[in-house]
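Working notes for the structure below.
Protein chains: 2
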Amino acid sequence: MPDKTEHLHGTLDALILKTLSRGPLHGYAIARWLEDTTDGALAIEEGSLYPALYRLEKRRVIEAEWGTSELGRRAKFYTLTPRGRAELRQRTEEWARFATAVSRVLLPAT
Amino acid sequence: MPDKTEHLHGTLDALILKTLSRGPLHGYAIARWLEDTTDGALAIEEGSLYPALYRLEKRRVIEAEWGTSELGRRAKFYTLTPRGRAELRQRTEEWARFATAVSRVLLPAT
DNA sequence: ACGGGAGACCTTGACAATCTAGGCATCGAT
DNA sequence: ATCGATGCCTAGATTGTCAAGGTCTCCCGT
Chain A
0 MPDKTEHLHG TLDALILKTL SRGPLHGYAI ARWLEDTTDG ALAIEEGSLY PALYRLEKRR
60 VIEAEWGTSE LGRRAKFYTL TPRGRAELRQ RTEEWARFAT AVSRVLLPAT
Chain B
0 MPDKTEHLHG TLDALILKTL SRGPLHGYAI ARWLEDTTDG ALAIEEGSLY PALYRLEKRR
60 VIEAEWGTSE LGRRAKFYTL TPRGRAELRQ RTEEWARFAT AVSRVLLPAT
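Chains as they are written, first to last, in numbering that gives the first Met the number 0: chain A, 0 to 109; chain B, 0 to 109.
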């Protein structure tokens, strides 16, 4: 049972960039990887994923190229650009600051 | 310099509830308290705050009552209802799970 | 031979929540 | 007299996610 993904707002981009920082992947695989490595806590809907990828590509933080998936199917592979790496760093720091602040309020003296 | 508040999505309600769990406060004071205790990392825009309070009141997780602020001004004081406490617990847990998942992806091996 | 599920992509429309940018009123200090 | 802080409020635009659909191919079970 995945979490309310409502929180994703503003975080999905960073998650995608981070996923791609480990190497090129196609969209479907990005969603899979995120879901797997968080034990299902992060469920990325395809209706969120593909528009996000398109946004990121348009802003030139990722690049797309058609290729073939591990299972021999047509798939679009995304690669992180230098720009993307910079943005990832920045967004990661933003997240850290935000999460720290919220946790300080919500989970004090745990 | 406050953070991009874009992240707030879905978190603001919990923050407000938590703030009120320490005792009744008026809207302006809620924003102040959140801003202060997070060293400005959480800047709550009034255009987000008041609609949020209205939403929460309508859902009966908080109650409003007009009164007088510490500085002698007319102010609306909000109190957490039992329902609100329950929701706070639930949302806090949701946040914890979400934040843990995102951090695990974004800040691995820190 | 056929059906269904999984892999892989995409789009449309609705919705929810935040932000921007205003407005109003009172008070104290300069 | 004006300005900043206190305190409330609203309208509209923006944004991003979600739900729900659709397409095509491959593989597996029956």
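Glycine residues also receive a C-beta, built at the ideal position from the N, C-alpha and C atoms.
Under 9 angstroms, do L60/A and L14/B count as touching if we go by C-beta distance? Here residue 60/A is taken as the residue at index 61 of the first sequence, counted from 1. Here residue 14/B is taken as the residue at index 15 of the second sequence, counted from 1. The sequence given here places Val at residue 60/A; Leu does not occur at that position. Contact: no.
Residue of T99/A, R96/A, D12/A and H25/A minimising C-alpha distance to S110/A: The shown model of chain A, from 0 to 109, leaves out residue 110/A, and the question about it has no answer.
Output yes if chain B places a C-beta closer than 9 angstroms to the C-beta of S47/A; else output no. Sequence index remark: in the first sequence, residue 47/A carries index 48 (1-based). Cβ-Cβ to chain B under 9 angstroms: no for S47/A.
F97/B: CB within 8 angstroms of a non-hydrogen atom of the ligand PLP: Ligands displayed in this structure: none; no statement on the ligand PLP is therefore possible.
Top-ranked residue by Cα proximity to A74/B, from S102/B, G66/B and W32/B: By one-based count along the second sequence, residue 74/B stands at place 75. Of the candidates S102/B, G66/B and W32/B, the one whose C-alpha sits nearest the C-alpha of A74/B is G66/B.
Is H8/B closer than 9 angstroms to H25/A when the C-beta atoms are compared? If you number the first sequence from 1, residue 25/A lands on position 26. If you number the second sequence from 1, residue 8/B lands on position 9. Contact flag unset, no.
Mark E86/A as exposed unless 16 or more other C-beta atoms lie within 10 angstroms of its C-beta, in which case mark it buried. Here residue 86/A is taken as the residue at index 87 of the first sequence, counted from 1. That one is buried.
What does the alpha-carbon distance come out to for the pair S68/A and A40/B? Counting from 1 along the first sequence, the entry for residue 68/A is found at position 69. Counting from 1 along the second sequence, the entry for residue 40/B is found at position 41. If I take the Cα positions, the gap works out to 42 angstroms.
Distance, Cα to Cα, L33/B vs L52/A? If you number the second sequence from 1, residue 33/B lands on position 34. If you number the first sequence from 1, residue 52/A lands on position 53. Roughly 34 angstroms separates the two Cα atoms.
Applying the 10 Å Cβ sphere with the 16-neighbour rule, what's the burial state of K17/B? Translated into the one-based positions of the second sequence, residue 17/B becomes position 18. That one is buried.
Check each residue of the region 83-97 of chain B: if its Cβ is closer than 8 angstroms to any Cβ of chain A, include it; give the result in chain order. Those would be T91, E93, W94, A95, R96 and F97, in chain order.
Using a Cβ-Cβ cut-off of 7 angstroms (strictly less than) and excluding sequence neighbours within five positions of A95/A, which residues of its own chain qualify? Within the first sequence, residue 95/A is the residue found at index 96, counting from 1. Shown here for A95/A: not one same chain residue has a beta carbon closer than 7 angstroms to its own, the five before and five after excluded.
For S55/B and chain A, any beta-carbon pair shorter than 9 angstroms? In the second sequence, counting from the first residue as 1, residue 55/B sits at position 56. Just to set this straight, residue 55/B is Leu in the shown sequence, not Ser. Not one chain A Cβ lies under 9 angstroms of L55/B.
Kindly indicate which three-state DSSP category A30/B falls into: helix, strand or coil? Residue 30/B sits at position 31 when you count from the first residue of the second sequence. A30/B: helix per DSSP, three-state reduction.
Tell me the DSSP bridge mates of G66/B? What you label residue 66/B is simply residue 67 of the second sequence in a count that begins at 1. G66/B pairs with A74/B.
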